[in-house]
Amino acid sequence: MAFVATAGMAQAMAMALLFDYDRFGVAHILYNTATVAVPLTAAAMVSVPLLPGSSRILPNARPGGLIAALIFLIPGVLGWYATHYEPSRIGTNTVTVPLAAQRTGQGPIRVGVLGDIQNSRVGEHEWNAVRELMQQKPDIILFAGDLFQGNDSQFEAAVPDFQELMATLSAPLGVYAVRGNTEEREQMERMLEGTGVQLLFNQERRIRIGQRTITLAGTDYHLSYRQPQELIENLERSGTGDIRILLSHTPDVLELVEPGTRIDLVVSGHTHGGQIQLPIIGPLFDNVEVPRSVSGGGLTRYQNKRIYVTTGVGVERSSAPQVRFGVPPRVDLLILQ
Numbered sequence: 169m170a171f172v173a174t175a176g177m178a179q180a181m182a183m184a185l186l187f188d189y190d191r192f193g194v195a196h197i198l199y200n201t202a203t204v205a206v207p208l209t210a211a212a213m214v215s216v217p218l219l220p221g222s223s224r225i226l227p228n229a230r231p232g233g234l235i236a237a238l239i240f241l242i243p244g245v246l247g248w249y250a251t252h253y254e255p256s257r258i259g260t261n262t263v264t265v266p267l268a269a270q271r272t273g274q275g276p277i278r279v280g281v282l283g284d285i286q287n288s289r290v291g292e293h294e295w296n297a298v299r300e301l302m303q304q305k306p307d308i309i310l311f312a313g314d315l316f317q318g319n320d321s322q323f324e325a326a327v328p329d330f331q332e333l334m335a336t337l338s339a340p341l342g343v344y345a346v347r348g349n350t351e352e353r354e355q356m357e358r359m360l361e362g363t364g365v366q367l368l369f370n371q372e373r374r375i376r377i378g379q380r381t382i383t384l385a386g387t388d389y390h391l392s393y394r395q396p397q398e399l400i401e402n403l404e405r406s407g408t409g410d411i412r413i414l415l416s417h418t419p420d421v422l423e424l425v426e427p428g429t430r431i432d433l434v435v436s437g438h439t440h441g442g443q444i445q446l447p448i449i450g451p452l453f454d455n456v457e458v459p460r461s462v463s464g465g466g467l468t469r470y471q472n473k474r475i476y477v478t479t480g481v482g483v484e485r486s487s488a489p490q491v492r493f494g495v496p497p498r499v500d501l502l503i504l505q
């Protein structure tokens with residue numbers, strides 16, 4: 169058993185060297201080792217006869233060895249769950265976001281959040297996510313990026329389906345989106361063409377609801393350029409009456425936000441909550457600079473900045489294992505009041 173695990177780790181290290189330290193690929197190899205190779209070895213230990221015609225199984229299949237082998241089968245069961253069951257369990261996270269007393273107006277604002285669909289095609293899972301969100305009857309919908317992930321030929325074939333999917337999203341105050349890191353700007357523009365979804369590319373919108381005004385700003389994924397920095401600096405301007413929301417694909421945008429910011433809420437995605445979360449430990453891998461307490465998803469404060477990170481509805485489609493464990497796919501309803 170130890171030999172199998174050691175061989176798997178050695179293979180992962182070799183693949184890292186060959187493919188320029190592709191952490192997703194290494195994670196995939198380790199995942200397959202833990203959930204496939206080790207359980208298969210355990211199954212062999214309790215089922216292969218010691219000699220032809222012998223009724224005895226391997227010595228390790230004595231009571232103690234049998235129990236040990238059954239324990240090593242557990243990762244196989246968890247791997248099946250994480251690969252084939254949890255990734256399809258669409259649901260809604262509903263969270264109340266208190267607003268400062270200085271914000272003008274009364275009554276809650278229902279903000280629907282969708283993120284990280286991240287597929288090369290539109291299937292039943294993607295439609296279930298959109299239907300789930302629309303059932304919440306949001307006043308405004310924010311899409312946090314990563315709509316498509318795939319190659320050019322897959323993109324061309326999938327454009328009409330993504331347009332149909334996104335056109336289904338509607339809300340009284342509008343639907344707004346930023347692009348993520350899995351699609352180019354031109355691809356995002358094509359997938360949103362004719363849908364009514366407004367792509368915010370380092371742009372700001374002012375939206376009225378009753379006596380209230382929402383100032384919504386959306387950044388491009390590439391935060392090192394001057395435009396997103398200027399956008400955020402402008403959003404920090406003085407004034408107390410309006411509700412200010414910053415939509416950006418990655419939670420690392422917090423590095424550009426001032427401590428004690430005037431921005432009421434940052435909304436982002438990108439991390440998928442790590443796709444695998446363990447109790448106490450949290451997300452195993454998140455690929456961002458913010459702490460895991462933020463990248464794991466949900467409503468948190470970091471350096472006196474309030475952020476909501478959606479864990480999204482899809483999975484990483486590159487060389488990473490396409491799994492979810494402890495962080496099922498979710499759409500979100502944020503109730504601002």
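Residue numbers 169 to 505, in the working numbering, belong to the letters of the sequence shown in order. Where a beta carbon is used, it is the ideal one built from N, C-alpha and C, also for glycine. Note that the structure is a prediction, hence the values are computed from the model and not measured.
* Can you give, in chain order, each stretch of the beta strand (DSSP E) that sits fully within the stretch 414–444 and has at least 3 residues? -> Under the rule that a run must span 3 or more residues, the beta strand (DSSP E) segments found entirely inside the stretch 414–444 read 433–436.
* Do Arg492 and Asn287 come within 8 Å of each other at the CB atom, strictly closer than that value? -> Taking the first residue of the sequence shown as 1, we reach residue 287 at position 119. Taking the first residue of the sequence shown as 1, we reach residue 492 at position 324. No, these two residues do not count as a Cβ contact at 8 Å.
* To do: Could you spell out where the beta strand (DSSP E) holding Asn261 opens and where it closes?
  => Position 93 of the sequence shown, counted from the start, is the residue given in the question as residue 261. Its beta strand (DSSP E) spans residues 259–265.
* Alpha carbon to alpha carbon, what distance is there between Gln397 and Gly407? -> For the purposes of this step, residue 407 is taken as the residue at position 239 of the sequence shown. For the purposes of this step, residue 397 is taken as the residue at position 229 of the sequence shown. When rounded, the separation of the alpha-carbon atoms in Gly407 and Gln397 is 19 Å.
* Select from Pro447, Leu415, Gln270 the residue whose C-alpha is nearest the C-alpha of Ile475. => The residue you call residue 475 lines up with position 307 of the sequence shown. The option with the nearest alpha carbon to Ile475 is Leu415.
* Please classify His417: is it buried, with 16 or more other beta-carbons within 10 angstroms of its beta-carbon, or exposed? => In the sequence shown, residue 417 corresponds to position 249, counting from 1. By the 10 Å Cβ count, His417 comes out buried.
* Taking Gly441 and Val499 to be in contact with their CB atoms under 8 Å, please state how far apart those CB atoms are, rounded to whole angstroms. => The sequence position of residue 441 within the sequence shown is 273, counting from 1. The sequence position of residue 499 within the sequence shown is 331, counting from 1. The beta-carbon separation of Gly441 and Val499, rounded to 13 Å, does not stay under the 8 Å limit for a contact.
* Residue range of the unbroken alpha helix (DSSP H) whose run includes Gln331 -> For the purposes of this step, residue 331 is identified with residue 163 of the sequence shown, where counting begins at 1. Residue range 320–335 is occupied by the alpha helix (DSSP H) that includes Gln331.
* In this structure, does DSSP put Met181 in helix, strand or coil? -> Position 13 of the sequence shown, counted from the first residue, corresponds to residue 181. Only weak support is given to the placement of Met181: the predicted model assigns it a pLDDT of 46, under 50, and the value that follows is read from those uncertain coordinates. Met181: helix per DSSP, three-state reduction.
* **Distance between Arg278 and Val421 (C-alpha atoms, nearest Å)** => Your numbering for residue 421 matches position 253 in the sequence shown. Your numbering for residue 278 matches position 110 in the sequence shown. Approximately 23 Å between the Cα atoms of the pair.
* **Own chain residues within Cβ distance below 7 Å of Ser256, not counting five before or after** => In the sequence shown, residue 256 corresponds to position 88, counting from 1. The answer, listed in chain order, is His293.
* Does the stretch 443–450 come close enough to the stretch 303–319 that 3 or more CB-CB pairs lie under 8 Å? -> Inter-segment contact for the stretch 303–319 and the stretch 443–450 is absent: fewer than three beta-carbon pairs are separated by less than 8 Å.
* Is the CB-CB distance between Val458 and Tyr470 below 8 Å? -> As a first step, residue 458 is located in the sequence shown; it is residue number 290 there, counting from the start. As a first step, residue 470 is located in the sequence shown; it is residue number 302 there, counting from the start. Yes, they are a contact pair.
* What does DSSP give as the partner residues of Arg380 in its beta bridges? -> Within the sequence shown, residue 380 is the residue found at index 212, counting from 1. DSSP links Arg380 through a beta bridge to Ile377.
* Within the chosen definition, does the stretch 333–349 reach the stretch 358–369 through at least 3 CB pairs nearer than 8 Å? -> Under the 8 Å Cβ criterion, the stretch 333–349 counts as touching the stretch 358–369, having at least three qualifying pairs.
* So, is Ser338 buried or exposed, given that buried needs 16 or more other C-beta atoms within 10 angstroms? -> Counting from one through the sequence shown, the residue named residue 338 turns up at place 170. Under this definition Ser338 is an exposed residue.
* **Whole-angstrom distance between Gly273 and Asp314, CA atom to CA atom** => Start at 1 with the first residue of the sequence shown, and residue 314 comes out as number 146. Start at 1 with the first residue of the sequence shown, and residue 273 comes out as number 105. Roughly 34 Å separates the two Cα atoms.
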